[in-house]
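Heads up, the thing below is written out as structure tokens.
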Amino acid sequence: MTAELLHLPFTGLWMAQNSPARRVPSHGVDLFGERYAIDFVAVDRRRRTSEQRDWRTVLTTEPPERFLGFGRAILAPADGVVVDLHDGEPDHEGRRSQLALVPYALGQAGRLRQGVHAIAGNTVTIALRGGDAFVSLAHLRPGSIPVAVGDRVAAGQTIGECGNSGNSTEPHVHLQVMDRVDPSNAEGLPLAFRRFREWRSGSDQPVVVEAGIPGERSIVEALT
């Protein structure tokens with residue numbers, strides 16, 4: 400099966416997590432069209448997702464504004480037409496603390512029962528050319544989506560801001576390609592990204608990738 404070739408949906412440095420380069424299904428479950436999904440978390444050159452740490456980091460939750468990705472522009476990864484979007488889900492507090500993660504993990508089954516919006520949060524879904532594949536970006540900041548269903552978008556156009564809505568422990572963007580618009584009955588499709596610089600886990604020297612999937616915990620930066 401040929402992978403859909405996309406642009407990275409952001410500028411700057413981001414870390415790949417739950418990458419299909421590591422395993423498939425990438426998120427450990429084959430639900431909601433997530434088979435080949437990938438997450439990206441904004442980082443600095445020290446691989447930190449936030450420049451601030453204090454007692455809250457260790458013991459409890461933190462405001463999402465503390466995290467580097469929060470409010471950053473999320474870009475269309477390809478030309479296409481907006482065919483679905485969802486807005487209005489709140490941003491949650493961030494959770495780096497193991498103490499705060501325990502009750503959150505215990506609530507996972509309840510979120511699954513609530514359906515796709517409790518998992519994906521605020522989303523934009525774009526039909527790719529040909530209309531037989533759909534790319535969806537999730538966990539967007541509420542009120543940040545400037546497009547509407549029916550709008551034609553170009554790769555690199557802002558379609559929202561990084562948030563912490565849905566099933567998210569810190570601000571990040573989740574991207575997946577599906578064979579249907581509705582993730583409730585969609586199957587995930589393979590994906591890859593065009594030209595990017597990649598700092599692979601354990602290496603300080605970047606490589607330029609013309610087309611591929613970032614490795615788990617690789618730092619990536621889009622190239623023009």
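Start counting the sequence shown at 400; every next residue gets the next number (this note's numbering).
Beta carbons are placed, not taken as given, at the ideal position from N, Cα and C, and that holds for glycine.
### Query
Do three or more CB pairs link the stretch 461 to 468 to the stretch 524 to 536 at distances below 8 Å?
With the cut-off at 8 Å, the stretch 461 to 468 and the stretch 524 to 536 do not touch.
### Query
Which full runs of the beta strand (DSSP E) of 3+ residues lie inside the stretch 552 to 620, going along the chain?
Counting whole runs of 3 or more residues, the stretch 552 to 620 contains the beta strand (DSSP E) stretches 557 to 560, 572 to 577, 590 to 598, 606 to 611.
### Query
Got a sec? Which residues, its chain only, sit under 6 Å from P582 by beta carbon, not counting five neighbours each side?
If the five residues before and after P582 are omitted, its C-beta is found closer than 6 Å to the C-beta atoms of F431, G432, V515, all from its own chain and listed in chain order.
### Query
What residues are listed by DSSP as bridge partners for N417?
DSSP output for N417 lists no bridge partner at all.
### Message
Does E450 pass the burial test, meaning 16 or more other C-beta atoms within 10 Å, or should it be called exposed?
### Response
E450 is exposed by the Cβ-count criterion.
### Query
Helix, strand or coil: how does DSSP classify I544 here?
Shown here, I544 sits in coil according to DSSP, grouped into three states, outside any helix or strand.
### Query
If you drop the 5 nearest sequence neighbours on each side, which residues of the same chain put their C-beta closer than 6 Å to that of A591?
Only A402, L404, A610, G611, I612 meet the Cβ criterion.
### Message
On the CB-based measure, 16 or more other CB atoms within 10 Å of its CB, does S425 come out buried or exposed?
### Response
The residue is buried, with at least 16 neighbouring Cβ atoms inside 10 Å.
### Message
Spatial neighbours of N563 within its chain, please: C-beta separation below 6 Å, excluding the five flanking residues on both sides.
### Response
Within the same chain, and ignoring the five residues on either side of N563 in sequence, the residues whose Cβ sits closer than 6 Å to its Cβ are P463, D490, H491, P570.
### Query
Expressed to the nearest angstrom, what Euclidean distance is found between the alpha-carbon atoms of R579 and I558?
Distance between R579 and I558, taken at the CA atoms: about 20 Å.
### Task
In the DSSP assignment, find the beta strand (DSSP E) that holds V428 and state where it starts and stops.
Unbroken run through V428: none, as it is neither H nor E.
### Task
Throw me the rounded Cβ distance for the V548 and V482 pair, which I believe falls under 8 Å.
Indeed, because the Cβ distance is near 6 Å, the residues count as touching under 8 Å.
### Query
Does DSSP classify E464 as helix, strand or coil?
The answer is helix: DSSP assigns E464 an H, G or I state.
### Message
Using a 10 Å radius around the Cβ and a threshold of 16 neighbouring Cβ atoms, would you call D438 buried or exposed?
### Response
Per the 10 Å Cβ criterion, buried.
### Query
CB I624 to CB C561, shorter than 7 Å?
Residue coverage of the chain in this structure runs from 400 to 623, which leaves residue 624 outside it and unanswerable.
### Query
Just curious, the alpha helix (DSSP H) that L458 is in, first and last residue?
According to the DSSP assignment, L458 belongs to the alpha helix (DSSP H) that extends over 454 to 458.
### Query
Which one of F469, R434, L412 has the shortest CA to CA distance from E586?
Out of F469, R434, L412, R434 has the C-alpha closest to the C-alpha of E586.
### Task
Decide if A504 is buried, meaning its Cβ has at least 16 other Cβ atoms within 10 Å, or exposed.
Exposed, because fewer than 16 other Cβ atoms sit within 10 Å of the Cβ of A504.
### Message
Comparing C-alpha positions only, which one of W413, L539, Q497 sits nearest to S600?
### Response
Comparing Cα-Cα distances from S600 to each of W413, L539, Q497, the minimum goes to W413.
### Message
A441 and R471 - do their beta-carbons sit closer together than 7 Å?
### Response
Taking a C-beta distance under 7 Å as the contact criterion, R471 and A441 qualify as a contact pair.
### Query
Any idea what DSSP makes of A402, helix, strand or coil?
Three-state result, A402: coil.
### Task
Output the distance between the C-alpha atoms of S496 and P605, rounded to the nearest integer angstrom.
Distance between the alpha carbons of S496 and P605 is about 31 Å.
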